[in-house]
Amino acid sequence: MPASDDNRLGAYLRDRRTRLDPAAFGLDGARRRTPGLRREEVAQRANISPTWYTWLEQGRGGAPSADVLDRIGRALMLTDVEREHLFLIALGRPPEVRYQAAEGVSPRLQRVLDALAFSPAIVKTPTWDVLAWNRAAASVLTNYAELPPDQRNILRLIFLDPRVRAAQYDWEGVARFVVAAFRADAARAGATERVGDLVDELCRLSSEFAAMWRDNDVRSYGEGVKRLKHPVAGPIAFEFSAFAVDGRPDLGMVVYNPATPEDAERVAALMKGP
Numbered sequence: 278m279p280a281s282d283d284n285r286l287g288a289y290l291r292d293r294r295t296r297l298d299p300a301a302f303g304l305d306g307a308r309r310r311t312p313g314l315r316r317e318e319v320a321q322r323a324n325i326s327p328t329w330y331t332w333l334e335q336g337r338g339g340a341p342s343a344d345v346l347d348r349i350g351r352a353l354m355l356t357d358v359e360r361e362h363l364f365l366i367a368l369g370r371p372p373e374v375r376y377q378a379a380e381g382v383s384p385r386l387q388r389v390l391d392a393l394a395f396s397p398a399i400v401k402t403p404t405w406d407v408l409a410w411n412r413a414a415a416s417v418l419t420n421y422a423e424l425p426p427d428q429r430n431i432l433r434l435i436f437l438d439p440r441v442r443a444a445q446y447d448w449e450g451v452a453r454f455v456v457a458a459f460r461a462d463a464a465r466a467g468a469t470e471r472v473g474d475l476v477d478e479l480c481r482l483s484s485e486f487a488a489m490w491r492d493n494d495v496r497s498y499g500e501g502v503k504r505l506k507h508p509v510a511g512p513i514a515f516e517f518s519a520f521a522v523d524g525r526p527d528l529g530m531v532v533y534n535p536a537t538p539e540d541a542e543r544v545a546a547l548m549k550g551p
């Protein structure tokens, strides 16, 4: 590691250490000359040598392993963003992904969805569970509120819901795209093992899914065109775009904008109801 990187790492460790409140760890902070934890206290929490930790802060400890960085990150109570920054400084790469199941979206993010009046929009996890949606999505795509939470999965709907299948102009093409993008998303998020039960279930229930899964295709889910055969409104075309949710690597937002003014009118009519 270049000396300049050593110095950046040491400065970052010192800064994070001095921001910690000793009282939060049950330590007496009254007789300390400097704020934060002592170096030996961080080393003890990280289960590493106090001498080596001191060298790291002084820019002469060499490059620590990913395991040691993980332990130092926990000792310093780093957030996910701070932990990523620590790895980038020390090793020149982000840490390996640690998948955490998402539990929901913030009210602010829900308001973003709701502000898209005639553009169906959803928020999904890397395992393609739908966590949030707006009125347009409920009217055009699926009324997710009518489904149990464990059934709000896009792969389940594509392969097991006849209504969703019938709405696709090219079901096989859509299904192959979804399977390939799902595989890539799950691997990128470190969720390959977590989706094992879902994959096994879909393989049992759908021979088509099983065949597509064996193909091992991967694709990115960035932007494109989606065409639907809506049972009430007829054909509707959308231009879709996928967005990462900043600060929530476990979530992605997909927005379907009507491709033409006529498509927008069909969405608006559906939202008005009969």
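Note that our numbering has the sequence shown beginning at 278, numbered continuously upward. Each residue gets a CB set at the ideal place from its N, CA and C atoms; glycine is no exception. A quick note: this is a predicted structure, and the numbers were derived from the prediction, not measured.
At a Cβ-Cβ threshold of 8 Å, residue 500 and residue 483 do not count as neighbours.
Closest option to residue 538, judged by alpha-carbon separation, among 546, 507, 390: 546.
Under DSSP, residue 399 forms a beta bridge with 410, 531. In the structure shown, the three-state DSSP call for residue 420 is coil. In this structure, DSSP gives residue 430 an extended state, which the three-state scheme calls strand.
For residue 459, the enclosing alpha helix (DSSP H) stretches over residues 448-465.
Membership of residue 539 in the alpha helix (DSSP H) is indicated by the continuous run 538-549. Straight-line spacing of the CA atoms in residue 349 and residue 320 works out to 8 Å.
DSSP places residue 472 outside both helix and strand once states are collapsed to three, so it counts as coil.
Residue pairing by DSSP places residue 504 opposite 514 in a beta bridge. The Cβ-Cβ distance between residue 395 and residue 535 falls below 8 Å. When DSSP reads this structure, residue 486 sits in no beta bridge, so it has no partner. For residue 372, the secondary structure class from DSSP, reduced to helix, strand or coil, is coil. About 5 Å separates the beta carbons of residue 294 and residue 314, which is inside the 8 Å limit, making them a contact pair. Per DSSP, the unbroken alpha helix (DSSP H) holding residue 387 starts and ends at 384-392. Excluding the 5 residues flanking it on each side, residue 312 has same chain C-beta neighbours closer than 6 Å at 295, in chain order. Beta-bridge pairing by DSSP links residue 525 to 522. In the DSSP assignment, residue 445 is bridged to 505. Taking the C-beta atoms as reference points, residue 469 is found no nearer than 8 Å to residue 441.
With a threshold of 16 other beta carbon atoms within 10 Å, residue 459 meets it and is buried. Taking a cut-off of 8 Å for Cβ pairs, the region 380-394 and the region 402-415 touch, as three or more such pairs fall below it.
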